[in-house]
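In UniProt numbering, the protein residues as written are 1 to 234.
The following block contains the structure:
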């Protein structure tokens with residue numbers, strides 16, 4: 001699956017905020033031990049710390065069994081992409097601002113099964129992510145199984161619906177088992193890292209010129225993940 005990264009140029013960080021322009025030199029950042037980076041949303045205040053630690057331990061056990069070859073392990077999630085780009089920050093020349101055209105567009109969705117060793121099974125489509133679509137993705141994964149396989153996923157409505165859970169016995173007979181993450185624990189889902197890399201590092205501003213260029217670039221990153229585009233999971 002899908003690495004493009006804008007170079008980190010110049011010696012200045014430029015930020016525009018209302019009518020003021022703030023500039024910060026690299027030297028100041030180093031002296032104060034500060035680093036300019038994306039601010040992350042957090043759900044820590046909503047989750048149960050004990051449940052989070054339990055979930056973390058379960059995943060460590062699953063990853064160990066996977067590394068030993070006893071099972072296969074995938075982290076599942078969906079993500080959407082449109083012409084409203086993820087551009088929370090960028091290095092820009094002093095006195096100038098990078099502008100990205102805003103446009104309404106169709107949304108391309110990706111369902112993905114990510115293996116810790118870098119294998120990805122993506123399903124790209126247009127339209128809403130409903131239970132029927134998710135079931136179809138899991139049915140397709142079942143056709144590829146060669147050993148007992150666990151899938152880690154969150155508690156989205158599509159994953160907990162009556163229709164979805166009705167499929168569990170059949171999937172388990174095929175050797176596919178599910179582990180539901182504790183609520184509000186996205187950090188435990190490795191595929192969230194992949195979505196961040198694609199949105200914030202691997203898709204340059206130029207691909208947002210049209211829906212066609214965005215979809216083509218997205219499919220390229222997904223197809224070349226593990227080849228041209230790499231993530232090392234700790």
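Every residue, glycine too, gets a C-beta built ideally from N, C-alpha and C.
Secondary structure of residue i, DSSP reduced to three states
i: residue 223; result: helix
i: residue 75; result: strand
i: residue 159; result: helix
i: residue 186; result: helix
i: residue 141; result: helix
i: residue 124; result: strand
i: residue 81; result: strand
i: residue 108; result: strand
Where residue i falls, given that 16 or more other Cβ within 10 Å makes a residue buried
i: residue 73; result: buried
i: residue 159; result: buried
i: residue 234; result: exposed
i: residue 136; result: exposed
i: residue 217; result: buried
i: residue 29; result: The predicted model places residue 29 with a pLDDT of 49, which falls under 50 and marks its position as unreliable, so this point remains unresolved.
i: residue 23; result: Unreliable placement is indicated for residue 23, whose pLDDT of 43 sits below 50; the coordinate value is still reported in the next sentence. Under this definition residue 23 is an exposed residue.
i: residue 122; result: buried
i: residue 112; result: buried
i: residue 241; result: The structure shown does not extend to residue 241, since the chain is modelled only from 1 to 234, so the question has no answer here.
i: residue 106; result: exposed
i: residue 155; result: exposed
Whole-Å CB distance - residue i paired with residue j, under 8 Å assumed
i: residue 108; j: residue 124; result: 6 Å
i: residue 153; j: residue 77; result: 7 Å
i: residue 120; j: residue 226; result: 7 Å
Quiz item: Can at least three beta-carbon pairs, one atom from the stretch 55-75 and one from the stretch 200-218, be found at a separation below 8 Å?
Solution: Output reads no: the stretch 200-218 does not touch the stretch 55-75.
Quiz prompt | Touch test, the stretch 136-154 against the stretch 164-182, Cβ-Cβ under 8 Å, three pairs minimum | solution = Contact annotation: the stretch 136-154 touches the stretch 164-182, with at least three C-beta pairs closer than 8 Å.
Quiz item: Hey, is the stretch 50-57 in contact with the stretch 126-133, meaning 3+ C-beta pairs nearer than 8 Å?
Solution: They do not touch, by the three-pair rule.
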